Amino acid sequence: MFSSRFAKLVTDNKSAWKAGLVVVVAGTVFKVVYFNFSRGLMVDHMERRHHQATEHLRGAREFGSKMAKTREDSVPSLTPEQKEQLQEYLKLMKATQPDIYPKESGRWD
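With UniProt numbering as the guide, the letters of the sequence shown map in order to residues 1 to 109.
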């Protein structure tokens, strides 16, 4: 009973069903085209930003290494007495602050 009634409604309203099908198909096509278009824009934008960030990072690393070399070249080397004092200071720090130097102070052995 229901199926014959439904079949009659479908045949009576063929133009309405066709219009509905056209709307669904057009909406699906629009979604697919818009998704691919917007995805392409986002991918291009992200590639551009990644390239800019990579270039900036490379420049920052070069600048950092150049400045480190400049600092090392401009600082005089330690005298033997200063080296000895530095070693004594480091030993004192290991003994008084074992939390900062756990491996060197023998705490993790």
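Ideal Cβ placement from N, Cα and C applies to all residues, glycine included. From a predicted model like this one, the values you see are computed outputs, not experimental measurements.
Remark: C-beta atoms of Val10 and Trp17 approach each other more closely than 8 angstroms. In this structure, DSSP gives Asp12 a helical state, which the three-state scheme calls helix. When the Cα atoms are used, Leu90 and Glu81 turn out to be separated by approximately 14 angstroms. Note that the C-beta distance between Leu86 and Leu92 is not below 8 angstroms. The DSSP-derived three-state label of Thr70 is helix. Rounded to the nearest whole angstrom, the CA to CA distance from Phe35 to Arg58 is 34 angstroms.
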